[in-house]
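Engineer: Just so we're on the same page, the numbering used here is the position in the sequence shown counted from 1, plus 206.
Every residue, glycine too, gets a C-beta built ideally from N, C-alpha and C.
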Amino acid sequence: MRAGWRYIILGLLFILILSTCINKEQVSLGVKSTEQPKQPKQIDGDETLIEISSEGQEAAGIKTQILRAKSLPIYISAPGEVLPNNDLTALVTPRIQAQVVQRLVKVGTHVIKGQPLVSLSSVDMAKAQAELLLAQKEWARVKLLGKQAVSAKRYQTVEVAYQQAYSKLLAYGMTRAQIDEFVTSNDTNKANGEFVLLAQQSGTVFSADFTQGQMIAPGKILYTIVDETSLWVDAKLSNGDSGKIKKKYKGIIKTATHQFPAEVLQVHHQLDETTRTRIIRLKVANNNDQLHPGEFVTCLIQTGKTQSVLAVDQTALMQTPDGDLAVYIEVKPNYFKAQEVKVTQKIGSWRVIKGIKEGTRVVTGGAFFVHSESLKSGFSTHNH
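#1: Hey, would you say residue 310 sits closer than 8 Å to residue 328, going by beta carbons?
#2: Short of 6 Å in beta carbon distance, which residues of its chain neighbour residue 279, apart from the five on each side in sequence? Order them along the chain.
#3: When the Cα atoms are used, what is the spatial distance from residue 408 to residue 435?
#4: Based on Cα-Cα distance, which residue from 580, 578 and 560 lies nearest to residue 273?
#5: Given a cut-off of 8 Å, decide if residue 335 and residue 422 are closer than it, judged by their beta-carbon atoms.
#6: Quick one: using the 10 Å Cβ neighbour count with 16 as the cut-off for buried, is residue 535 buried or exposed?
#7: Quick one: what does DSSP say residue 287 is sitting in, helix, strand or coil?
#8: Below 8 Å on the Cβ atoms is my contact criterion, and I expect residue 510 with residue 450 to pass it. Report the Cβ-Cβ distance as a whole number of Å.
#9: Roughly how many angstroms lie between the CA atoms of residue 344 and residue 374, to the nearest whole one?
#10: Which residue comes first and which comes last in the alpha helix (DSSP H) that contains residue 391?
#11: Distance check for residue 287 and residue 501, CA to CA, integer angstroms please.
#12: Do you know offhand how far residue 378's Cα is from residue 300's?
#13: Following a CB-centred definition, is residue 520 positioned closer than 7 Å to any heavy atom of the ligand MG?
#14: Pull up the DSSP beta-bridge partners for residue 579, would you.
#15: Helix, strand or coil for residue 394, going by three-state DSSP, please let me know.
#16: Between the region 426-443 and the region 355-362, can you find at least three pairs of beta-carbon atoms closer than 8 Å?
#17: CA-CA distance, residue 307 and residue 418?
#18: Can you tell me whether DSSP reads residue 363 as helix, strand or coil?
#19: Using the three-state DSSP reduction, which class does residue 342 fall into: helix, strand or coil?
#20: Taking residue 517 as part of the beta strand (DSSP E), name the residues at either end of that continuous run.
#21: From the DSSP secondary-structure annotation, give me the bridge partner or partners of residue 571.
#22: DSSP beta-bridge partners for residue 597?
#23: Where does residue 382 land, buried or exposed, given buried means 16+ other C-beta within 10 angstroms?
#24: Exposed or buried, which one is residue 258 when buried takes at least 16 other CB atoms within 10 Å?
#25: To the nearest whole angstrom, what separates the beta carbons of residue 542 and residue 256, a pair I think is in contact under 8 Å?
#26: Could you check where the alpha helix (DSSP H) with residue 185 kicks off and where it finishes?
#27: Helix, strand or coil, according to DSSP, for residue 407 in the structure here?
#28: With DSSP collapsed to three states, give me the class of residue 373.
#29: Do residue 270 and residue 430 come within 8 Å of each other at the CB atom, strictly closer than that value?
#30: Using the C-alpha atoms, what's the distance from residue 523 back to residue 578?
#31: Secondary structure at residue 307, three-state DSSP: helix, strand or coil?
#32: For residue 268 versus residue 565, is the C-beta distance shorter than 8 Å?
#33: Whole angstroms are fine: how far does the CA of residue 341 sit from the CA of residue 367?
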C-alpha cells in the first residue's frame with residue numbers, strides 16, 4: 207500500500223515539474239505573454255509621441271536640425287523639347303549620284319565609328335575606279351623603269367595622274383582603306399561602281415530617309431547619327447521672362463520620373479512670330495540614355511535671383527497613411543512626432559514647405575526609420 211502511495215506522489219511531482227518547464231518555455235519563446243503593450247506616450251494629453259533613445263538614434267543615423275530660412279535660387283518654369291546636339295550629330299550623304307544597293311542598318315541601331323551603313327552603286331564611281339586601276343598600273347610600270355629610263359616630265363606626269371585618280375575616289379566617298387584594298391586586289395571586275403558609306407562617328411541612327419533601289423542625288427541625307435550622351439533642350443519663354451536668363455545659368459530638366467542638371471547654352475535673340483516666345487537652349491548630359499530627341503519636358507531655369515524660404519531635403523518628407531506629406535519633428539529630447547506640411551515648390555532636391563514654423567527642430571537624417579517606428583507602433587501621423 208505504502209509503495210502505491212509513493213508512486214502516486216512521485217507521479218504528481220513529475221506532472222508539476224513538467225508543467226512548470228512548459229510554461230517557462232512558452233514565455234521565453236513568446237508563444238504566450240500576459241504583458242500588455244505600452245500605451246502611446248502623451249504630451250499635454252493629446253499628442254502621440256515616438257520615443258527613440260539616444261543610442262537608438264545614433265544606430266539608425268537619425269539627425270535633427272533647427273529649421274531656418276534658406277536662400278534658394280528662383281527658377282522660371284517653361285515647356286521644352288529635347289533635340290539632338292548638333293555638335294555631336296553626323297549626316298550621312300553621298301557626294302555623287304548613286305543608287306541604293308542595300309540598307310545595312312536600321313533606325314534606332316547603335317553604330318560605332320567606321321561601321322558600314324549603306325551600299326551604293328554609281329556610274330561615276332565605276333568610271334573613276336577604272337581610271338585609278340589604269341593609272342596605278344602605269345605608275346607601277348614607270349616606277350619600275352626608274353627615273354633613269356624615262357624623262358623627268360614623264361615620271362612626274364604619271365605620278366600626278368595616279369594621285370589625281372586616287373583623290374577622285376576619296377572625293378566621291380570611298381575611304382583610304384577601301385581604296386587601298388581595291389588597288390591591291392588589282393581586279394578589274396571590282397571596278398563596278400559599288401561602294402559603302404561608313405559611320406563617321408559612334409551613336410544612334412536617328413533617321414533613315416531612303417528606300418532600296420532609290421536613285422540618290424548628291425548631298426541627300428540618308429542617315430542622321432546622334433551621339434545621345436549630350437543633348438540640347440529648347441525651352442520657350444515669354445519675352446519678359448527670357449530677359450532674366452543669361453548664358454551659363456543653371457537649369458533643371460524634368461520628366462515624369464527623372465530630373466537632370468542642365469546649363470543655358472544660348473539665348474536666341476529672335477522672337478517666334480506666332481507664339482511671341484523666345485528660345486532658351488540648354489545643354490544636358492545624358493550618360494544613362496534616359497532622354498531622347500523629340501521628348502517633351504519641363505525646364506526650370508535660374509534667373510540669377512534668390513528667395514528666402516523654409517525648405518527641407520526631399521528625404522526628410524514621408525507620406526502619411528492618408529496620402530499627405532509630413533516631416534518628423536523633435537518635440538523634446540528623444541521624443542518625435544509627425545507634422546503634416548504642404549510642398550509649394552521643388553528646387554532640385556529641396557522641397558519648399560509650409561505648415562511648420564521656423565525654429566522647429568526637424569529630422570533631416572533617418573526620417574524613414576522614425577516613420578517606420580511610427581507605423582509599427584500604430585500611431586497616427588496625421589497631425590496639423
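Structural biologist: From the atom records:
#1: Residue 310 is not a Cβ neighbour of residue 328, given a cutoff of 8 Å.
#2: 508 and 512
#3: 11 Å
#4: 560
#5: no
#6: buried
#7: strand
#8: 7 Å
#9: 17 Å
#10: 382-391
#11: 6 Å
#12: 8 Å
#13: Among the ligands in the structure shown, none appear at all, so the ligand MG cannot be discussed.
#14: Residue 579 is not bridged to any residue.
#15: helix
#16: no
#17: 6 Å
#18: Here residue 363 sits in helix by DSSP.
#19: helix
#20: 502-519
#21: 269
#22: A query on residue 597 cannot be resolved here, the shown segment of the chain reaching from 207 to 590 and no further.
#23: exposed
#24: With 16 or more other Cβ atoms within 10 Å, it is buried.
#25: 5 Å
#26: Coverage of the chain is limited to positions 207 through 590, which leaves residue 185 absent and any answer about it impossible.
#27: coil
#28: helix
#29: no
#30: Residue 578 and residue 523: Cα-Cα distance of roughly 13 Å.
#31: DSSP, reduced to helix, strand and coil, places residue 307 within a strand of the structure shown.
#32: no
#33: So the two alpha carbons sit approximately 6 Å from each other.
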